[in-house]
Amino acid sequence: MMIIYKLLIILSLISIINCKEQLYQRYRSPFPYYSKKHVERKQQGLTTRVGDDPSPPPYQELWYMQTLDHFNFQSKGEFAQRYLVSDEYWKKPTPGEKVCEGPILFYTGNEGDITLFYDNSQFVTNILAQEMGALLIFAEHRYYGESLPFGNDSWTSDNIGYLTSEQALADYAQLIPAVLSEMNAEHCPVLSVGGSYGGMLTAWFRMKYPNIVDGALAASAPILSFLNTGVNPETFNKIATNDFKDTSTEGTCASRIRSAINDIMTISTQVNGLAQLSETFSVCGSPLNDVNDLINWIESALTYMAMADYPYPANFLEPLPGYPINVSCNALAQQQDDIQGLLQVLHVYYNSSGQAGTCYNMSVFTTGALGDASWNYQACTEMVMPVSSDGVNDFFPPQPFSLSDLNEQCQQEFQTTPDPYWITTYYGGGNFSATNIIFSNGVLDVWRSGGILETRSDSIVALTIEGGAHHLDLRYPNPLDPPSVTEAREIELKLLQLWASEASLLKQRK
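Just so we're aligned, residue 284 is where the sequence shown starts under our numbering, counting upward by one.
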C-alpha cells in the first residue's frame, strides 16, 4: 500500500511523465478532482458544479509581475502570476476616505488551475461575497495552472527549486497590497479563505503575515499531517475504513472489503494469479505486472470516495451519486462473493455514469495534469505528509511509513532529500500563536486526521461538521446538506464579519 499523496507532482518534463506511475504510489493529491480529467472537462466547457447550483459571479482574469525569489536579494527574476477578480458584490470605498464597508475575500490558490477553485467554492463566491459586500480575489499558486515561471520548462531541475509554500505565501503577501493600491482599497480588511492545501496556506498566511490578512477560514486544512505533531499516520486510512463500516451496525461493508483485498493478495501469489486478477478487474491492455498497481487503484477509489462522500450527486474527478459510500455498500451487499462485491464498490466510483468503457486503466491517475509534477516535487521537499496502514483498523494491506523509501524515490526522481520536519519548524505545527482563524473539518473527511479539531480561544475556532466530507462548507448550500454544515456556515459568516469590522476600525485610525 502507498503513502497517500501525489497531497493532490524532474530532470525534464518527459522524465516526470514517464516516471509518474511509481511516484503516484506515494503522492496522491488531497484535491483528487482537480486532475487531468477535470481540466479537460473545463476546457470542453462542461460544468463542474453540482446540480442546479448557480454560477459564480463573473470575474476578470488579470496578471501580476511577481518576484521569482522573495528570499534572495541578488535575484531580479519575475514571472506572470494569474489572479481572478470579481467586484460583482463589492461595496467599494469612497475615494480619499479610509472607511471601507466591503472587505476583501482572498482565496489562497492551491495545487491546480485557479479557475477550478473559483468554480467550486460558491459559499465564498456567491454567499460570503454577497452577504459581506466583498471584493473577490483568487490568486493562482506558482507552478500551477497558467502561473508557470518558466513556461513548459518550469519542471526542469534548474527551474523547479523556486516552488515552495513559503514562496507562494510571499507571492500572496506581495500581490494583495499591489492590487488594493490599484483599486483604492488600501484600508479594506482582508480575509483569507482556502480548502485542503489551500486551507493550510490560508492558516499559515494569517500566522506569517498578520499585517496583510486580518482573518482566515481554513477548511479541511490538515496542518498537523506531518511528523512530530502527535498525529498517527494510520488515522487517515482508519477514517476511510470507518466511513464504510458505519453504513451498517454490523460493519459488514468494511469487513467484506478487507476480506476481498486479502483474497486479492492471496491470488496474486498463485500461478497465473495476476492474469486472473487482470481478467476479473477488466484491466485494459497488458495484464498486471504488480499487484500493488491494482491495490493502489482500489485504494484511490475508497479514499477519494470517503473524501467526496457528499449528500448530493457530484461531478468532480468522477461523477458520483449522493452519499456514494452508502450506494456502493448497498451494491456490495447484493453480491455473495467478496471480490465481486468490491467490484461493485469500484464501479460506483469509476463508472457510476456507465460511460467508462469495457475495461479499466490501472494508471488512470498517473497521467494527470502537468500540475501533478509540481505537487510531487513539493512532496519530495517539504510537504511530507505520511499516511500508513496497519491492516487491522483499516481494510488495506499493512504498510508502515518509510522515510528511507521516500528519500530513495525522491533522490531517484528529483535528486532531492525531503525534509519531513521543515514545515513544522517553519509554521509551528500545532504549537502556533495566532488569532482570527477558523478551522473547519468534516467528520467523514479522511484529512480530518491532521486537522485542528479543538477550539483554542475566542478567535481560534474549530468547527466539526457531522456528516461532512472534504470542505463541504465551501460549496454552495444545498437542501440535502446536513444541518451541521448549515450551522458551520452561519458561524463562519458571523466570525468573518466580526473580524472584518474590527480590522476596519483599526485601519481607519491609522
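By construction, the Cβ of each residue, glycine as well, lies at the ideal position given by its N, Cα and C atoms.
To the nearest angstrom, how far is it from the Cα of M466 to the Cα of T447?
29 Å
Taking all protein chains shown into account, do 16 or more other C-beta atoms lie within 10 angstroms of the C-beta of Q343, making it buried, or fewer, making it exposed?
exposed
What are the complete alpha helix (DSSP H) segments, minimum 4 residues, inside the stretch 442-517?
Taking only runs of at least 4 residues, the alpha helix (DSSP H) segments lying wholly in the stretch 442-517 are 448-465, 480-491.
Neighbourhood of D621 by C-beta distance below 7 Å, restricted to the same chain and skipping five residues each side:
R539, S542, A543, D546
If you follow the beta strand (DSSP E) that F722 is part of, which residue opens it and which one closes it?
That run of the beta strand (DSSP E) goes 720-725.
What three-state label does DSSP hand Q413 in the structure shown?
helix
Neighbourhood of N609 by C-beta, 8 Å cutoff - its chain only, sequence neighbours within 5 removed:
T530
Starting from the Cα of I495, find the closest Cα among E517, I459, N520 and give me that residue.
I459
State the DSSP-derived secondary structure class of A591, mapped to helix, strand or coil.
coil
Per-residue burial, N393 [other beta carbons within 10 Å of its own, 16 or more giving buried]:
It is buried - the Cβ of N393 has at least 16 other Cβ atoms within 10 Å.
Tell me which residue opens and which closes the beta strand (DSSP E) that L345 is part of.
343-350
Which residue's Cα is closest to the Cα of K793: R365, E380, Y347, Y366?
E380
Rounded distance between the beta-carbons of Y632 and M588, thought under 8 Å
5 Å
Under 8 Å by Cβ, that's how I've got P386 and A363 pegged, so tell me the actual separation to the nearest angstrom.
Their Cβ separation, rounded to whole angstroms, is 27 Å, which puts P386 and A363 out of contact at 8 Å.
Delimiting residues of the alpha helix (DSSP H) encompassing R739
No alpha helix (DSSP H) contains R739, which DSSP labels as neither H nor E.
For K319, three-class secondary structure by DSSP:
Residue confidence for K319 is low, a pLDDT of 42 falling below 50, so the modelled location carries little weight; the figure read from the coordinates is stated next. Here K319 sits in helix by DSSP.
When the Cβ atoms of the stretch 705-717 are set against those of the stretch 570-582, are three or more pairs found closer than 8 Å?
no
Given D402 as reference, the closest of P337, D436, T350, W373 once Cα atoms are compared:
P337
Which full runs of the alpha helix (DSSP H) of 4+ residues lie inside the stretch 604-657, going along the chain?
607-616, 621-634
So, is Q623 buried or exposed, given that buried needs 16 or more other C-beta atoms within 10 angstroms?
The residue in question, Q623, is exposed, as its Cβ has fewer than 16 Cβ neighbours within 10 Å.
Span of the beta strand (DSSP E) holding A363?
361-369
As assigned by DSSP and simplified to three states, the class of V729
The DSSP-derived three-state label of V729 is helix.
With three or more C-beta pairs closer than 8 Å as the rule, is the stretch 715-731 touching the stretch 517-537?
yes
By how many angstroms is the C-alpha of A752 removed from the C-alpha of A591?
If you take the alpha carbons of A591 and A752, they lie about 6 Å apart.
Mind checking which residues open and close the beta strand (DSSP E) that includes A771?
It is not in any beta strand (DSSP E) - A771 instead sits in the alpha helix (DSSP H) that spans 766-792.
Distance, Cα to Cα, I578 vs T532?
27 Å
So what does DSSP say about L763, is it helix, strand or coil?
coil
Starting from T391, follow the beta strand (DSSP E) in both directions and report where the run begins and ends.
Bounds of the beta strand (DSSP E) holding T391 are 387-391.
Using a Cβ-Cβ cutoff of less than 8 Å, which residues in the same chain neighbour Y759 once the five nearest sequence positions on both sides are dropped?
R332, V333, D336, P337, Q405, F406, N409, I410
Cβ pair count under 8 Å reaching 3, the stretch 678-697 against the stretch 464-480:
Short answer: they don't touch.
Please state the DSSP three-state secondary structure of Q326.
Confidence at Q326 is low in this model, with a pLDDT of 42, below 50, so the placement of that residue should be treated as unreliable; the coordinate-derived value is given next. Correct three-state label for Q326: helix.
Which residue's Cα is closest to the Cα of V473: T485, N634, F354?
T485
Taking the beta carbon of L431 as the centre, do at least 16 other beta carbons fall within 10 Å, making it buried, or is it exposed?
Answer is buried; the Cβ neighbour count reaches 16.
Going by C-alpha to C-alpha distance, which of N644, N515, E691 sits closest to S569?
N644
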